[in-house]
Amino acid sequence: AARRLYSTAPTITNTVGGLATAQIRDLVGSPAAPVAPVMKMPQYLKPKQFRPERGCFDDEFIRQNYIKADDPSDPYNYKGKAFTYAAKLPMWAALVASARVIAVFLLSQFEANKSALALANIEVEVGDIPEGKTVTIIWRGKPVFLRHRTPAEIEEMKNVPLSELRDPQTDEERLNDPRWAVLIAVCTHLGCVPVIDQGQFGAYFCPCHGSHYDHSGRIRKGPAPLNLEVASYKLLDENTMFLGDLAAAE
Numbered sequence: 017a018a019r020r021l022y023s024t025a026p027t028i029t030n031t032v033g034g035l036a037t038a039q040i041r042d043l044v045g046s047p048a049a050p051v052a053p054v055m056k057m058p059q060y061l062k063p064k065q066f067r068p069e070r071g072c073f074d075d076e077f078i079r080q081n082y083i084k085a086d087d088p089s090d091p092y093n094y095k096g097k098a099f100t101y102a103a104k105l106p107m108w109a110a111l112v113a114s115a116r117v118i119a120v121f122l123l124s125q126f127e128a129n130k131s132a133l134a135l136a137n138i139e140v141e142v143g144d145i146p147e148g149k150t151v152t153i154i155w156r157g158k159p160v161f162l163r164h165r166t167p168a169e170i171e172e173m174k175n176v177p178l179s180e181l182r183d184p185q186t187d188e189e190r191l192n193d194p195r196w197a198v199l200i201a202v203c204t205h206l207g208c209v210p211v212i213d214q215g216q217f218g219a220y221f222c223p224c225h226g227s228h229y230d231h232s233g234r235i236r237k238g239p240a241p242l243n244l245e246v247a248s249y250k251l252l253d254e255n256t257m258f259l260g261d262l263a264a265a266e
């Protein structure tokens, strides 16, 4: 049937630019219903891969859509061992290499520098230190007392009963040469530096909290729990003393 060019309706209520809506519809036709776009997917993907229910990185989603492939010959079959090894081996190699670099870096931070290693073992001239005299030196960043003990001091220290000592040690256990007491001058209470020839025993006294040590460096009175630490030393000859690793002095 031929299209009408105008409406023959007796009453026209809606017009657009002088034309009735019925006339416009007759001229251009009715609009088509909207059509949903068709999404074209590759054959190796399943439809629900585009809209996973719980996110693209959900373990169950990956297991169902990526790890399991219907066709083992499919190049996108991610279940194949060759693909798995090819993907994982470089990753693990990179992780191991990174861990090694980090471990080497951290360990290198704890190594002593060359200047510290040079001062770890020292030789001290002791020939000019008279009996009954104490001198202070710095070794490995700490003060050290070098005491040239008199025969009377040696005898007195040997005769001290262990029952009187808080940290029981004989004089022979502490010193490898009874003439010399080589003590790290750090109080075992709170790390203060004791003073020389002071205190109840006339040897070492820490004025901070009142710790008294004898000529062997043993705590005799006060709050300090332990004896003064004895430095690692060896008398090389009558004038030279070695402090440090005794194996290096051989």
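Residue numbers (the numbering used here): 17 to 266. Ideal Cβ positions, reconstructed from N, Cα and C, are used throughout, including at glycine.
Asked: On a CA-only basis, which of Val198, Ala219, Asp253 is nearest Leu305? Give me that one, please.; Found: With the chain running from 17 to 266 in the structure shown, residue 305 is simply not present.
Asked: What three-state label does DSSP hand Val117 in the structure shown?; Found: helix
Asked: My guess is that Glu169 and His231 are in contact by the Cβ rule of under 8 angstroms, so how many angstroms apart are they, rounded?; Found: 5 angstroms
Asked: Would you say the segment 185 to 201 touches the segment 244 to 263, given that touching needs at least three Cβ pairs under 8 angstroms?; Found: yes
Asked: How far does the beta strand (DSSP E) with Ile170 in it reach, from first residue to last?; Found: Ile170 -> not in any beta strand (DSSP E); alpha helix (DSSP H) instead, spanning 167 to 174.
Asked: Identify, in the order they occur along the chain, each residue of the same chain with its Cβ nearer than 8 angstroms to the Cβ of Ala136, setting aside the five sequence neighbours on each side.; Found: Ala128, Arg156, Gly260, Asp261
Asked: Which of the three DSSP states, helix, strand or coil, is assigned to Leu111?; Found: helix
Asked: Report the rounded CA-to-CA distance for Trp108 versus Gln125, giving the unit in angstroms.; Found: 26 angstroms
Asked: Express the C-alpha separation of Glu180 and Gly238 in angstroms, rounding to a whole number.; Found: 13 angstroms
Asked: Residues in its own chain within less than 8 angstroms of Ala247 by CB, not counting five upstream and five downstream?; Found: Trp155, Val160, Val198, Leu199, Ile200, Leu259
Asked: Kindly provide the ranges of any alpha helix (DSSP H) runs that are 4 or more residues long and lie completely inside the segment 216 to 259, ordered along the chain.; Found: none
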